[in-house]
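Numbering follows full-length UniProt numbering, in which position 91 of the sequence shown is assigned residue number 91; successive positions increment by one, without gaps. C-beta atoms are modelled at their ideal positions from N, C-alpha and C, and glycine is treated no differently.
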Amino acid sequence: CEVLDPAAAAAALARLGPDPASDAQGLAGDAAAAEVVRRVTTRATPVGQLLMDQAVVAGIGNIYRAELLYRARLDPHTPGRRVPAETARALWDDWAVLLADGIRTGVMLTREDLDADGRAAALRDVTLRHWVYGRGGEPCRTCGTPVVVEEMAARKLYWCPTCQR
């Protein structure tokens, strides 16, 4: 950790990709989304790795990566250039919604299938909050296939090989 002068802080921010919770790069709304779509769909790197690259999109951590890809039914090994622009945009839009909810509640809850009681239970119990994250070897909540956990870009990656084809 270090204290940066204004010029150094601006240079550090300039190296980050867009973030739906901030317009520090001067990008907001559709312009930020379009920039993320461009950064994802023009690269050969697997989308699961691109989402963790802070120069592509700022702020997505391991939980959101796993859950966004699951919710989009997208194989994390898919090269970015093979991800349709509409899918890349949908990832951004979904993340913006999840992030806003997480900021509001203070909890990363990524399951939209929960009724009011289920949501209340998930807010109390972390094991109920996610589709695949942290569930390696357990049955997928949708299809029952064991959730795979592997390493990608030096981080654990959770995904369902049946749902995310």
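Cβ-Cβ distance between residue i and residue j below 8 Å
i	j	result
glycine 137	proline 146	yes
methionine 152	proline 46	yes
tyrosine 70	cysteine 160	yes
glycine 48	proline 84	no
glycine 17	arginine 43	no
glutamine 164	arginine 73	yes
alanine 122	arginine 111	yes
tryptophan 92	alanine 33	yes
leucine 68	leucine 51	yes
leucine 109	arginine 129	yes
valine 132	alanine 58	no
Beta strand (DSSP E) segment containing residue i, residue limits
i	result
glutamate 151	148-152
Bounding residues of the alpha helix (DSSP H) (the contiguous stretch that carries residue i)
i	result
arginine 119	116-124
arginine 155	Counting along the chain, arginine 155 falls outside any alpha helix (DSSP H), though it belongs to the beta strand (DSSP E) covering 155-159.
leucine 4	It is not in any alpha helix (DSSP H) - leucine 4 carries neither H nor E in the DSSP assignment.
aspartate 93	85-105
Outcome for residue i when other beta-carbon atoms lying within 10 angstroms are tallied against a minimum of 16
i	result
cysteine 1	exposed
cysteine 140	buried
valine 126	exposed
proline 4	Checking the displayed sequence, the identity of residue 4 turns out to be leucine instead of proline. Flag for leucine 4 reads exposed.
isoleucine 103	exposed
threonine 41	buried
valine 36	buried
Close-in-space but distant-in-sequence residues of the same chain around residue i (CB under 6 Å, 5 per side omitted)
i	result
alanine 100	none
alanine 24	The pLDDT assigned to alanine 24 is 49, lower than 50, so where the model puts this residue is not dependable; a value taken from the coordinates is nonetheless given after this. So the qualifying residues of the chain are Leu13.
valine 149	Gly136, Lys156 and Tyr158
glutamine 54	Leu16
Any C-beta of chain B under 8 Å from that of residue i
i	result
valine 3	Of the protein chains in this structure there is only one, and it is not chain B.
Same chain, Cβ closer than 7 Å to residue i, five either side skipped, listed in chain order
i	result
threonine 162	Cys140, Cys143 and Thr145
residue 185	Any question about residue 185 goes unanswered here, given that the chain covers just 1 to 165.
So within the segment 13-75, which uninterrupted alpha helix (DSSP H) runs reach at least 4 residues, ignoring any that extend past its ends? Within the segment 13-75, complete alpha helix (DSSP H) segments of at least 4 residues are found at 29-41, 47-50 and 62-71, given in chain order.
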